[in-house]
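Numbering-wise (the numbering used here), the first sequence opens with residue 205 and increments by one.
This report concerns only the one structure given below.
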Amino acid sequence: MQELPKSYAPQEVEDKWYQFWESNGFFHGVPNKQKTPYTVVIPPPNITGILTMGHVLNNTLQDVFVRWRRMQGYETCWVPGTDHAGIATQHVVEKSLMKEGIVRREMGREQFVQRVWQWKELYGGTIIKQLRKLGTSCDWQRERFTMDKGLSDAVQEVFVRLYNKGLIYKGKYIVNWCPKDHTALSDDEVNFSESNGHLWYLHYPLESGDGHITVATTRPETMLGDTAVAVNPKDERYAHLVGKKVRLPLAHRAIPIIADDFVDASFGTGAVKVTPAHDPNDYQIGERHALEKIIVMDTSGKMNEHVPTKYRGMDRYECRKEVLRDLEKEGLLEKTENHVHSVGHCYRCDTVIEPYLSDQWFVKMKLLADKALAVVMNGDIKFYPDRWTKVYEHWMTNIRDWCISRQLWWGHRVPAWYCLGDAPTPECKNPVVSVTKPERCAHCGSDKFRQDEDVLDTWFSSWLWPFSVFGWPEENEDLAYFYPTDTLVTAPDIIFFWVARMVMAGLEFRGRIPFKHVYFTSIIRDMQGRKMSKSLGNSPDPLDVIATYGADALRFTILYLAPIGQDVLYSNEKCEMGRNFANKIWNAGRFLLMNREAIEAESHSDLSIVSPSSPDDLSDTWILSRFNATVKETTAALERLQVNESAKMLYDFMWHDFCDWYVEFVKNRIAGTSDVNLKCSIVNRAIRIYEETLKLLHPFMPFVTEEIWQHLDERKGGESIMKAPWPGADTASIVASKEAEMEFLQGVISAVRTIRSEMNLPPAKELEVVINCHDDLKLKVLDANRPSIERMAKASSVSIGTNLPKPGYSASAVVQGQEIFVPLKGLIDLDIERSRLEKEIARLEGQLRGVDAKLENPNFAGKAPADVIQKEKDKRENFNQTIVKLKNSLSQLSN
RNA sequence: GGGCUCUUAGCUCAGUUGGUUUAGAGCGCUACCUUGACACGGUAGAGGUCAGAGGUUCGAAUCCUCUAGGGCCCACCA
């Protein structure tokens, strides 16, 4: 066996092992009746996306769950894929065309869509390649894209089914319109932000000629489309005007003054201009009062033919200025106030959205939402952390219909057809909804049809993801076996976009929930707490991090840092923790292998055939106890989805228990014997525990664990740690008394080390140690581990006995009631020792006072459980004894 | 306007149902150590009235109320 390098070099092994796993098909899941399935579907990243720290957290978490369950014997299937991301992708391709001087509209729809496909083949899915660098064990044979044939079929099928059920309808409604992208946006795609605007007070003259009514508005240009002025019916100031008319300035139209409850009499002047075609509230008022709806802008936000000639063709903001100037000229602008209000922006291009009346397709949500709410409220689906349940509930009970049409070219086209017959009947205006083009119009018999121009919201394909990836609507074995999925790991900001809608779709089309657990991840922020964003340039490139620190280091660090539902402040330097840990694991393995080799050479035999000795050694019993406790607790934490907890426990066990103490004991025991068989068994046991620990670590750090595991033994071709069984906890090996014995032993060693350090004694200086022990069990422990104490405390001799006198000029300590003396004649500085002891006594007396106070409190004695009281009494006893002994030492210091 | 969340060592954060805690970790800091696994390391330290006030309890970082200050989400206030 070649010697392992001194430190772990992730860059040299990661790709090798990833290819090994993938080419051996270890990631692939197939229906297997003998096993329980464990299914995860990836939240499909945008095809335009590149890997961010958010993806790293999200996908590492999924990988931990999947690798862990796979080792537990589940038939795992983690379906990866990408989302076609309508607006985002169209944008990217449009931009690249622009560089060639090509305008989308000029090249035509068909050609453009073709270009997007070309773009996708060339550049799309970068993120998928990057994910492999992270080590994700996705089932790549099942990779899907939301525009794949099968998934597109699913979309069409769903549209038709919902339409036939009356849950999809087409209507004229006020939608959020992006004048730049020329498309409607769903409510969720609009970002509202506070902005400093103005409130303009406009005079609308009464038609009767006597006076005017003043309205306040933030968008004066829309006044050209006003069809009423509304006041609150209870507002006495205006009661006499209701039913009268005003003359709309500039447009010179007469419009009525109406009364509507919506109007807040205390805001502005208490009178509102009503523009039903350009404001959602005004639209509602318009519906209630049968007002005309005048659209005054075109789809680019320019004023159209329904406004006076002089404003036509003006941009909405240019028009705003012009309208204000004209009103002022006519003396109709009363005043202008500064006004902070919230303005909606397009989530893609940040253009101010325009409420706009247009023809759109909608999904009726009420019925779907009621069912989807129920399965979360009754616990069929559990959210982690639970508090998102409330957010979900609030949204689901206040849900509005979902606008699913988008005026884009890239996406799933609405499967609705319009008759183009030469002799249309009135019914021919109604669309025919069908997956395929209808052969003949049922009304006029024509065979000419035009398909709806709109495409569907991207989320209209994502909400089917948990079953469309398995081939739905086709019923097949995969779908039957792998659906429903188990754990969904996603960011809380898409709880409405995606999570809620998947629940609806799952129930509607499969009759079953789409997943059982939803893990909402943390948000990764920079050290100032800002969100990672392109414009701030504060998002590290995970691939750089992997190149510098290694994938395992990144994975472990981010898992360790991210408790469920708390945001994480991240910087690259934090990955040093993971890198150092990987290196620590590496070197522990290196130590064991080096020793085994040395012993094999010494014994001229194959060490692996020598079985481990029975665990009569305390360090063996202890490490087994600690190991099994770690298995138990780590597994339990994973079951609660508390990945950071399990990461911490493994870190502590591997570093502090295994390396800091156990390996040191192993060193001492090997050095302390010439019996080769004994040496073999000591190292074999250590290797075995180490190997089991590697398995526990594997889901977190797949690469380093595989690399070492492959060195640990001669492995056959297709063997991998990722196929090894997840260790089970042998609870019988968890022995509290043995852990207590070890704690005592560690305490003794630490006490001597502390004396050495505080007395400024050189590390190489060997010390005499005298232990005065009055406890039979502890005596046995000390006696059995004398060589370890000698080595680990650097002692030339260790005298152990009952009633040993305190040597003169010695430093002292008390561990669990037993006195430890280190004779230091000629070396001791009495002042240092005195202050050491005084400080310790003072500290203990402080503790003692606390315990005394508790015990003297009659309420405590009366109400606390007996075991708690006993514990406090034991504590008091301990403190007392220790204090007495230390005081004794103090008084005899100079003897 | 509603709702959620956070405030624990210089920094970044753990702390599951209130009691084995003398409140932990990593980084940073101090002293010593290049000892045959590891300086990406070891040993020993310093450092916190758990944001503040009240309450419940025998007992609170942990449960409740309020206050202050961060962050987030939802909502039609023109």
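Idealized CB from N, CA, C, for every residue including glycine.
Exercise for the section: Could you tell me which residues DSSP pairs with His407 in its beta bridges? Expected result: One-based indexing of the first sequence puts residue 407 at position 203. Answer by DSSP bridge pairing, in chain order: Thr418.
Exercise for the section: From the DSSP output, in three-state form, read off Glu207 for me. Expected result: The residue you call residue 207 lines up with position 3 of the first sequence. Coil, per DSSP.
Exercise for the section: To the nearest angstrom, report how far apart Val772 and Ile728 are at their CA atoms. Expected result: Taking the first residue of the first sequence as position 1, residue 772 is located at position 568. Taking the first residue of the first sequence as position 1, residue 728 is located at position 524. Cα-Cα distance, rounded: 5 Å.
Handout entry: Alpha-carbon spacing of Thr280 relative to Gln322, whole angstroms
Key = In the first sequence, counting from the first residue as 1, residue 280 sits at position 76. In the first sequence, counting from the first residue as 1, residue 322 sits at position 118. When the Cα atoms are used, Thr280 and Gln322 turn out to be separated by approximately 33 Å.
Exercise for the section: Report the three-state DSSP secondary structure of Asp385 (helix, strand or coil). Expected result: Counting from 1 along the first sequence, the entry for residue 385 is found at position 181. Reduced to three states, the DSSP call for Asp385 is coil.
Practice task
Could you name the residues of the same chain whose beta carbon sits closer than 6 Å to that of Gln770, not counting the 5 residues immediately before and after it, in chain order?
Solution key: Residue 770 sits at position 566 when you count from the first residue of the first sequence. Beyond the five residues adjoining it in sequence on each side, Gln770 comes within less than 6 Å, by CB distance, of Ser726 in the same chain, given in chain order.
Problem - Chain-order list of residues whose beta-carbon lies under 7 Å from that of Asn151 (same chain, five-residue window excluded) - result: With the chain covering only 205 through 1099, there is no way to say anything about residue 151.
Handout entry: Residues of its chain near Ala999, where Cβ-Cβ distance is below 6 Å and the 5 sequence neighbours each way are ignored
Key = Translated into the one-based positions of the first sequence, residue 999 becomes position 795. Apart from sequence neighbours up to five positions away, the residues of its chain that approach Ala999 with a beta-carbon distance below 6 Å are Leu971 and Val973, ordered along the chain.
Practice task
Determine the direct distance from the alpha carbon of Lys720 to that of Met205, and round the result to whole angstroms.
Solution key: Taking the first residue of the first sequence as position 1, residue 205 is located at position 1. Taking the first residue of the first sequence as position 1, residue 720 is located at position 516. With a pLDDT of 48 at Met205, under the threshold of 50, the modelled position of that residue is not reliable, and the figure given next carries that caveat. Going by the C-alpha atoms only, they are around 47 Å apart.
Exercise for the section: Alpha carbon to alpha carbon, how far is Lys1077 from Asn1084? Give it in angstroms, no decimals. Expected result: Translated into positions along the first sequence, residue 1084 becomes position 880. Translated into positions along the first sequence, residue 1077 becomes position 873. If you take the alpha carbons of Asn1084 and Lys1077, they lie about 11 Å apart.
Problem - Through-space distance from Glu534 to Phe363, alpha-carbon basis - result: As a position in the first sequence, residue 363 is number 159, starting the count at 1. As a position in the first sequence, residue 534 is number 330, starting the count at 1. Their Cα atoms are separated by approximately 53 Å.
Exercise for the section: Specify the secondary structure class of Met731 as computed by DSSP and reduced to three states. Expected result: Locating residue 731 in the first sequence gives position 527, where the first residue counts as 1. Three-state result, Met731: coil.
Handout entry: Rounded separation between Thr593 and Asp391 - CA only
Key = Start at 1 with the first residue of the first sequence, and residue 593 comes out as number 389. Start at 1 with the first residue of the first sequence, and residue 391 comes out as number 187. Put simply, the backbone Cα of Thr593 is about 21 Å away from that of Asp391.
Problem - Cα-Cα separation, Ile251 to Ala289 - result: Within the first sequence, numbered from 1, the residue matching residue 251 stands at position 47. Within the first sequence, numbered from 1, the residue matching residue 289 stands at position 85. Distance between the alpha carbons of Ile251 and Ala289 is about 7 Å.
Practice task
Output the boundary residues of the beta strand (DSSP E) element that contains Arg451.
Solution key: Looking up residue 451 in the first sequence gives position 247. Here the beta strand (DSSP E) through Arg451 covers Lys449 to Leu452.
Exercise for the section: Name the two residues that bound the continuous beta strand (DSSP E) containing Tyr685. Expected result: Position 481 of the first sequence holds residue 685. Where Tyr685 is concerned, there is no enclosing beta strand (DSSP E), although the alpha helix (DSSP H) it sits in stretches over Glu681 to Phe686.
Handout entry: 7 Å CB neighbourhood of Cys779 in its chain, flanking five on each side removed
Key = As a position in the first sequence, residue 779 is number 575, starting the count at 1. Excluding positions up to five away in sequence, the list reads Val749, Tyr753, Ala757, Leu758 and Thr761.
Practice task
Name the residue from Ala1068, Gly354, Ala1057 and Cys523 whose alpha carbon lies nearest to the alpha carbon of Asn680.
Solution key: Counting from one through the first sequence, the residue named residue 680 turns up at place 476. Out of Ala1068, Gly354, Ala1057 and Cys523, Gly354 has the C-alpha closest to the C-alpha of Asn680.
Handout entry: Sufficient close CB pairs (3 or more, under 8 Å) joining the stretch 544 to 558 to the stretch 370 to 383
Key = Touching, per the Cβ criterion.
Problem - Where Arg423 falls: helix, strand or coil (DSSP) - result: Position 219 of the first sequence holds residue 423. In the structure shown, Arg423 sits in coil (DSSP, three-state: anything other than H, G, I, E or B).
Problem - Helix, strand or coil at Lys1010 according to DSSP, with G and I counted as helix - result: Counting from one through the first sequence, the residue named residue 1010 turns up at place 806. Of the three classes helix, strand and coil, the one that applies to Lys1010 here is coil, per DSSP.
Practice task
Pick helix, strand or coil for Ile498, following the three-state DSSP scheme.
Solution key: By one-based count along the first sequence, residue 498 stands at place 294. Coil at Ile498, not helix or strand.
Problem - Residue(s) in a DSSP beta bridge with Trp621 - result: Here residue 621 refers to the residue found at position 417 when the first sequence is read from its first residue. Partner(s): Val636 and Gln655.
Practice task
Please work out which residues of its chain come closer than 7 Å, Cβ to Cβ, to Lys735, disregarding the five sequence neighbours upstream and downstream, and give them in chain order.
Solution key: Numbered from 1 along the first sequence, position 531 holds the residue referred to as residue 735. Excluding five sequence positions before and after Lys735, the CB atoms of its chain that fall closer than 7 Å to its own CB belong to Ile727 and Arg729, given in chain order.
Practice task
Look at the alpha carbon of Phe316 and the alpha carbon of Ser638, and state the distance between them as a whole number of angstroms.
Solution key: For the purposes of this step, residue 316 is taken as residue 112 along the first sequence, with counting starting at 1. For the purposes of this step, residue 638 is taken as residue 434 along the first sequence, with counting starting at 1. Going from the Cα of Phe316 to the Cα of Ser638 covers about 25 Å.
Problem - Any 3 or more C-beta pairs closer than 8 Å across the stretch 452 to 468 and the stretch 418 to 434 - result: With the cut-off at 8 Å, the stretch 452 to 468 and the stretch 418 to 434 touch.
Exercise for the section: With Glu962 as the anchor, note down where its beta strand (DSSP E) starts and where it stops. Expected result: For the purposes of this step, residue 962 is taken as the residue at position 758 of the first sequence. Run containing Glu962: none in the beta strand (DSSP E); it sits in the alpha helix (DSSP H), Ala940 to Glu962.
Exercise for the section: Give the C-beta separation of Ala933 and Val1019 to the nearest angstrom, bearing in mind that I take them to be a contact with Cβ-Cβ under 8 Å. Expected result: On the first sequence, residue 933 is found 729 positions in, with the first residue counted as 1. On the first sequence, residue 1019 is found 815 positions in, with the first residue counted as 1. In fact, because the Cβ distance is near 30 Å, the residues do not count as touching under 8 Å.
Handout entry: Segments of 4+ residues assigned as alpha helix (DSSP H) that fall wholly inside the stretch 243 to 329
Key = At a cut-off of 4 residues, the continuous stretches assigned as alpha helix (DSSP H) that sit fully inside the stretch 243 to 329 are 257 to 275, 290 to 303, 308 to 311 and 313 to 327.
Exercise for the section: Please classify Asp563: does DSSP put it in a helix, a strand, or coil? Expected result: The residue you call residue 563 lines up with position 359 of the first sequence. Strand.
Problem - Backbone CA spacing between Trp606 and Lys568 [nearest angstrom] - result: Here residue 606 refers to the residue found at position 402 of the first sequence. Here residue 568 refers to the residue found at position 364 of the first sequence. Near 7 Å, if we compare the C-alpha coordinates of Lys568 and Trp606.
Problem - For Lys570, three-class secondary structure by DSSP - result: Mapped onto the first sequence, residue 570 falls at position 366. In this structure, Lys570 counts as helix in the three-state DSSP scheme.
Exercise for the section: Kindly list the residues whose CB is nearer than 6 Å to the CB of Leu208, restricted to its own chain and excluding five residues on each side of it in sequence; keep chain order. Expected result: The count along the first sequence starts at 1 and reaches residue 208 at position 4. So the qualifying residues of the chain are Arg794.
Handout entry: Best match in Tyr222, Lys374 and Lys1075 for proximity to Asp658 [C-alpha to C-alpha]
Key = In the first sequence, the residue the question calls residue 658 occupies position 454. Checked all of Tyr222, Lys374 and Lys1075; the closest Cα to Asp658 is Lys374.
Handout entry: Between the CA atoms of Asn964 and Ile975 - distance to the nearest angstrom
Key = Sequence index remark: in the first sequence, residue 975 carries index 771 (1-based). Sequence index remark: in the first sequence, residue 964 carries index 760 (1-based). Cα atoms of Ile975 and Asn964: separation of roughly 21 Å, rounded to the nearest angstrom.
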